[in-house]
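Each residue of the sequence shown is one higher than the last, beginning at 24 in my numbering. Cβ atoms here follow ideal geometry from the backbone N, Cα and C, with glycine treated the same way. Since the model is a prediction, treat every value here as computed from it, not as a measurement. In what follows, a single structure is set out as structure tokens and then discussed.
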Amino acid sequence: MKKFIKADGWVKVPVQTKAYPLQAIYSAGYVFMDKAYLYLDLEAKDKVVVWLKPKAKADLDKLAMEFCQELLNYAHYFSSLKVNAESTKLLLQRALFSAAPSMVKEAEEKEIQDLIKELEQEEEKENRKPVKKGKK
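Structure follows, in structure tokens:
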């Protein structure tokens, strides 16, 4: 088991940002705001140090391990979120469109109108270009 560095009632938890993105570190820290005071420090380019000081009497090693567990939880959550983002989007679209079929027609009409506007803008740009006369 890893030994955490303790000083003046604080425990130091070093975190590699290559393994745990900042979003996961912030989320885990947010969960711990009720349990402990937190201080985040950028120690190196790829390393964040999280200092924890319990708000009530607590075992510092246990507090650090609980933070590591929460960190792993959020790292998994955010990686799963990225992997499943497209599937989730498609499922929500199908659910919304099946609940209101008129939305499909409205979405198609809006897409057609947007394409027409885009084509008209391109045509206007082409018409505004000056015609170069060649030498005879």
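Within the same chain, F27, I28, W74, L75, K76, L83, D84, L86, A87 come within 8 Å of V34 by CB-CB distance, once the 5 residues on both sides are set aside. For K76, the uninterrupted beta strand (DSSP E) segment begins and ends at 70-77. Per DSSP, the beta-bridge partners of A67 are K70. Per the DSSP secondary-structure output, V36 pairs in a beta bridge with V73. Three or more beta-carbon pairs separated by less than 8 Å link the segment 44-52 to the segment 93-106, which places the two stretches in contact.
Beta-bridge analysis with DSSP links L61 to L75. Given a length threshold of 4 residues, each whole run of the alpha helix (DSSP H) inside the segment 67-149 is given here in chain order: 83-122. Closest option to D69, judged by alpha-carbon separation, among A130, Y43, L115: Y43. Under DSSP, the beta-bridge partners assigned to A30 are W33.
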